[in-house]
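Working notes, beginning with the structure itself.
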Amino acid sequence: MNKYSGMSIYESQNTKGTEAQKNEKNSFIGQVQLVSFVTQMKSGGSIMKKHLMMISCFVSLVIICGCSVYKATVDERNVRTIASDDKIAVTVSKRFFDDATIKILDISADCYNGHVYLVGEYENEKQKNKAVKIASSVEGVKSVTTYLLPKKKGDLCGTSDNLAIIAKVKAGLVKDKEIWSTNIKVKSVQCNVVLLGIVGSKAEIHKIVDHIKSVEGIRSVKSFLKSIK
Numbered sequence: 211m212n213k214y215s216g217m218s219i220y221e222s223q224n225t226k227g228t229e230a231q232k233n234e235k236n237s238f239i240g241q242v243q244l245v246s247f248v249t250q251m252k253s254g255g256s257i258m259k260k261h262l263m264m265i266s267c268f269v270s271l272v273i274i275c276g277c278s279v280y281k282a283t284v285d286e287r288n289v290r291t292i293a294s295d296d297k298i299a300v301t302v303s304k305r306f307f308d309d310a311t312i313k314i315l316d317i318s319a320d321c322y323n324g325h326v327y328l329v330g331e332y333e334n335e336k337q338k339n340k341a342v343k344i345a346s347s348v349e350g351v352k353s354v355t356t357y358l359l360p361k362k363k364g365d366l367c368g369t370s371d372n373l374a375i376i377a378k379v380k381a382g383l384v385k386d387k388e389i390w391s392t393n394i395k396v397k398s399v400q401c402n403v404v405l406l407g408i409v410g411s412k413a414e415i416h417k418i419v420d421h422i423k424s425v426e427g428i429r430s431v432k433s434f435l436k437s438i439k
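Numbering (our numbering), first residue to last: 211 to 439.
Pasting the structure below:
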């Protein structure tokens with residue numbers, strides 16, 4: 211028993227899990243609303259897009275420290291590493307925005323333990339290669355891994371389909387109490403699901419992938435999940 215709180219270690223972890231799942235649901239709703247808003251703004255021209263990106267980068271920089279403290283309770287990385295990873299991801303995204311070759315809303319950047327993952331679509335090889343070059347040049351980056359697909363005209367999988375897939379996958383993961391879903395980032399590119407994050411074991415990774423493969427509408431699943439065991 212914890213003599214200060216009167217709670218056992220199990221109860222304390224269970225409480226954290228419950229709180230984390232609530233935060234995960236709220237975070238997911240916010241993500242869907244943001245993506246929906248961004249989709250609507252795409253037709254607003256380059257000025258609107260520029261303002262939107264500036265706001266996004268500013269907010270990301272402001273919340274890095276606050277998010278790092280929360281993430282430490284559900285992530286095996288220490289607070290310093292999480293903060294460094296968040297800073298790298300924001301820096302890469304900002305440099306994408308500053309580069310005329312790359313469209314920030316088409317390629318996202320995430321970072322785990324200094325390893326950057328670029329996920330999204332590109333219009334030509336020049337754009338793809340430039341994205342990798344920019345990400346590699348950021349201080350602290352150890353490697354760059356990509357899941358980038360060429361854009362397809364007339365693809366039956368659109369933005370709404372990708373959002374629906376993300377919603378289904380996230381909802382299923384949150385319901386499964388054996389999966390620490392707050393550690394997992396779910397992305398969908400042309401109805402292909404991409405998973406990023408750090409989980410407890412390889413067995414958990416297999417369970418997550420098997421669960422997602424059963425979701426209707428998904429073309430494929432690519433897992434970049436890492437396990438601590």
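Glycine is no exception: its CB is placed at the ideal position from the N, C-alpha and C atoms.
Practice task
Please go through the same chain and pick out, in chain order, the residues whose beta-carbon is closer than 7 Å to the beta-carbon of residue 433, but skip the five residues on each side of it.
Solution key: Same-chain partners within the cutoff: 405, 415 and 419.
Problem - Counterpart residues of residue 319 in DSSP-defined beta bridges - result: DSSP, once it has assigned bridges, lists 328 as partnering residue 319.
Problem - First and last residue of the uninterrupted alpha helix (DSSP H) at residue 311 - result: Annotation: residue 311 is outside any alpha helix (DSSP H) and is labelled neither H nor E by DSSP.
Problem - Spatial distance of residue 331 from residue 381 (CA atoms) - result: Approximately 25 Å between the Cα atoms of the pair.
Problem - Three-state class that DSSP yields for residue 348 in the structure shown - result: Three-state result, residue 348: coil.
Handout entry: First and last residue of the uninterrupted alpha helix (DSSP H) at residue 392
Key = Counting along the chain, no alpha helix (DSSP H) covers residue 392, and no H or E run does either.
Practice task
Please work out which residues of its chain come closer than 6 Å, Cβ to Cβ, to residue 385, disregarding the five sequence neighbours upstream and downstream, and give them in chain order.
Solution key: If the five residues before and after residue 385 are omitted, its C-beta is found closer than 6 Å to no C-beta atom of its own chain.
Exercise for the section: Determine the direct distance from the alpha carbon of residue 430 to that of residue 338, and round the result to whole angstroms. Expected result: Rounded to the nearest angstrom, the gap between the Cα atoms of residue 338 and residue 430 is 21 Å.
Exercise for the section: Please look up how many angstroms separate the CB atoms of residue 354 and residue 328, rounded, as I've assumed it's under 8 Å. Expected result: Contact between residue 354 and residue 328 holds: CB atoms are separated by about 7 Å, below the 8 Å threshold.
Exercise for the section: For residue 342, I'd like the list of residues in its chain whose CB is within less than 8 Å of its CB, leaving aside the five on either flank, ordered along the chain. Expected result: Within the same chain, residue 342 has close Cβ partners 328, 354 and 356.
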